[in-house]
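Asker:
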Amino acid sequence: MRKVLIIKGYSRENQLSKLAIDELQDIISNLHIIDLNEIGSKGCAGCDYCQSINPGICCMNDIMGTVLSEYLDSDLVFIISPIRFGCFNSMTKEFVDRTEPLFLPYQVKKKKRTVMMSRYDKYPKIIFVGITDTKSEKAVWNFRENVINSNLALTSPEANTIILSCEIDSVCKQCG
Amino acid sequence: MRLIRYVNNADKIVFSLPVYENTVPGLVLRCFEAIMNNKEKLALRNREMLVIVNSGFPEVEACRGAIETCMLFSEEMEFDWICGIPVAPGTLIDGKNLNETRNTYKRLITLLDIIAKNICSNKDIIVKECKLVSKPFINPFIYRLAGRLIQTKRCNKEIREGEIFCKTTD
Numbered sequence: 409m410r411k412v413l414i415i416k417g418y419s420r421e422n423q424l425s426k427l428a429i430d431e432l433q434d435i436i437s438n439l440h441i442i443d444l445n446e447i448g449s450k451g452c453a454g455c456d457y458c459q460s461i462n463p464g465i466c467c468m469n470d471i472m473g474t475v476l477s478e479y480l481d482s483d484l485v486f487i488i489s490p491i492r493f494g495c496f497n498s499m500t501k502e503f504v505d506r507t508e509p510l511f512l513p514y515q516v517k518k519k520k521r522t523v524m525m526s527r528y529d530k531y532p533k534i535i536f537v538g539i540t541d542t543k544s545e546k547a548v549w550n551f552r553e554n555v556i557n558s559n560l561a562l563t564s565p566e567a568n569t570i571i572l573s574c575e576i577d578s579v580c581k582q583c584g
Numbered sequence: 727m728r729l730i731r732y733v734n735n736a737d738k739i740v741f742s743l744p745v746y747e748n749t750v751p752g753l754v755l756r757c758f759e760a761i762m763n764n765k766e767k768l769a770l771r772n773r774e775m776l777v778i779v780n781s782g783f784p785e786v787e788a789c790r791g792a793i794e795t796c797m798l799f800s801e802e803m804e805f806d807w808i809c810g811i812p813v814a815p816g817t818l819i820d821g822k823n824l825n826e827t828r829n830t831y832k833r834l835i836t837l838l839d840i841i842a843k844n845i846c847s848n849k850d851i852i853v854k855e856c857k858l859v860s861k862p863f864i865n866p867f868i869y870r871l872a873g874r875l876i877q878t879k880r881c882n883k884e885i886r887e888g889e890i891f892c893k894t895t896d
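In the order they appear, the protein sequences are chains A and B. For any residue, its number in this note's numbering is found by taking its place in the first sequence, counting from 1, and adding 408. For any residue, its number in this note's numbering is found by taking its place in the second sequence, counting from 1, and adding 726.
#1: Out of B/796, B/865 and B/803, which has the shortest C-alpha to C-alpha gap to residue 754 of chain B?
#2: Taking only runs that begin and end inside the region 513 to 559 of chain A, name each unbroken beta strand (DSSP E) of 3 or more residues, in chain order.
#3: Grouping DSSP H, G and I as helix and E and B as strand, with all else coil, what is residue 772 of chain B?
#4: In the DSSP output, which residue or residues are listed as bridge partners for residue 469 of chain A?
#5: Using C-beta distances below 7 angstroms, list every residue in its chain close to residue 836 of chain B, excluding the 5 sequence neighbours before and after it, in chain order.
#6: Since residue 893 of chain B meets chain A, which of its residues come closer than 7 angstroms, beta carbon to beta carbon?
#7: Pairs of beta-carbons, one from the region 737 to 751 of chain B and one from the region 464 to 477 of chain A, closer than 8 angstroms: are there three or more?
#8: If you run the structure through DSSP and keep just helix, strand and coil, what is residue 503 of chain A?
#9: Name the one or two DSSP bridge partners that residue 416 of chain A has.
#10: Quick one: Cα of residue 565 of chain A to Cα of residue 485 of chain A, how far?
#11: Which residues, taken in chain order from the region 430 to 454 of chain A, show a beta carbon closer than 8 angstroms to some beta carbon of chain B?
#12: Classify residue 437 of chain A as buried or exposed, calling it buried when 16 or more other Cβ atoms lie within 10 Å of its own Cβ.
#13: Between residue 752 of chain B and residue 550 of chain A, how many whole angstroms is the CB-CB distance? I'm expecting something under 8 angstroms.
#14: DSSP state of residue 854 of chain B, grouped into three classes?
#15: Residue 732 of chain B: buried (16+ other C-beta within 10 angstroms of its C-beta) or exposed?
#16: So what's residue 864 of chain B in DSSP terms, helix, strand or just coil?
#17: At what residues does the beta strand (DSSP E) containing residue 738 of chain B begin and finish?
#18: Kindly list, in the order they appear in chain A, the residues whose Cβ is closer than 9 angstroms to that of residue 729 of chain B.
#19: Consult DSSP for residue 511 of chain A and reduce its assignment to one of helix, strand or coil.
#20: Using 9 angstroms as the threshold, is the C-beta distance between residue 828 of chain B and residue 863 of chain B below it?
#21: Within the same chain, show all residues whose beta-carbon is closer than 6 angstroms to that of residue 444 of chain A, passing over the 5 residues directly before and after it, in chain order.
#22: For residue 856 of chain B and residue 811 of chain B, which I take to be in contact (beta-carbon distance under 8 angstroms), what is that distance rounded to the nearest angstrom?
#23: Can you confirm whether residue 505 of chain A, when its beta carbon is compared against all beta carbons of chain B, has any partner nearer than 9 angstroms?
#24: Going by C-alpha to C-alpha distance, which of A/525, A/544 and A/573 sits closest to residue 893 of chain B?
#25: So what does residue 810 of chain B bridge to, in DSSP terms?
#26: Along the beta strand (DSSP E) that carries residue 760 of chain B, what are the first and last residues, could you check?
#27: Going by C-alpha distance, which of B/824, B/748, B/764 and B/774 is nearest residue 845 of chain B?
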């Protein structure tokens, strides 16, 4: 049975995000949701511990180790975030930054770009869901470019983006 | 908040940041969000913004996502965008004073000197000067190959040989 993981990066309740997650819960039985608000992990310190001191392990002894294990154990991962300045919001980006232990400290060329070499044999497919409350095409384009060319996406067997417009959510003045 | 006070008092704002996962690090985004959420507290005046983006990858293209994100932030804040300076790769600076990097970062030093002089003499920063850094500071193939050798040597000082490939997240 396919295991599906949702990484929820909203810092406040958003109707569209909730609708999307409810819909997925109705369809998929083996679904696990991680709310980044609840795990409250810190951002990457850029210390290189996970590369040169204790490979594959973050220096911060928090729940992220468990989250990364679950990430690798999944077949499909949804990462849901508001689009801020053409990027994830800070909470979601801090999570993405903390995936550094999933890679080796070597660089390789892939799809005409330099990426970090994979540490593991299997990575899940990813769908990045960006929720926007503006009609800025530039922001949406930048979001797509940023996520699809990230290490996470380029080491995944398949990575896609879905953009949802927040127009139906009247509360969402400042998404995220 | 101190950050808002500093931004409020500034005419020119320079962000210097690394590239994490193809774009701006989460910490810098947190800073952007804090400034954005306090936008109404800033006095009305013209502010200019310049960013220096340091990537560990050798292609200048690797800095593009971060520069675009910073540009979108400056648009939302109604700051005047000066330019984004890509440093690709910036790894070879390795904490040294730029003048100690000899010829490797000569173009970057030249550009930063021009920008600093223009800021001090209240002149406009000419964007075309940024073309000095439009190419990588080292050949990407050589960088990737040398990087692998250096990284392995560095890691083997701290950990057992082969442990670099350790597969565990627990």
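Note that the Cβ used here is the ideal one computed from N, Cα and C, for glycine as well.
Answerer: Answer, in terms of the structure:
#1: B/796
#2: 521 to 526 and 533 to 540
#3: It is coil, neither helix nor strand.
#4: None; residue 469 of chain A has no bridge partner.
#5: Around residue 836 of chain B: 858.
#6: Ordered by position in chain A, the residues that pass the 7 angstroms Cβ test against residue 893 of chain B are 464, 527 and 528.
#7: These segments do not touch.
#8: helix
#9: A/443 and A/488
#10: 12 angstroms
#11: Correct list: 451, 452 and 454.
#12: exposed
#13: That pair is no contact at about 16 angstroms.
#14: Here residue 854 of chain B sits in helix by DSSP.
#15: So residue 732 of chain B ends up on the exposed side.
#16: coil
#17: 738 to 744
#18: Within chain A, no residue has its CB atom less than 9 angstroms from the CB of residue 729 of chain B, the nearest being about 14 angstroms off.
#19: strand
#20: Taking 9 angstroms as the Cβ cut-off, residue 828 of chain B and residue 863 of chain B do not qualify as a contacting pair.
#21: Sequence-distant partners of residue 444 of chain A (beyond 5 residues in either direction) whose C-beta falls short of 6 angstroms from its own C-beta, in its chain, are 417, 499 and 503.
#22: 6 angstroms
#23: Taking Cβ atoms only, chain B reaches closer than 9 angstroms to residue 505 of chain A, which makes this a yes.
#24: A/525
#25: BP columns for residue 810 of chain B point to B/777.
#26: No beta strand (DSSP E) holds residue 760 of chain B; the alpha helix (DSSP H) holding it covers 752 to 763.
#27: B/774
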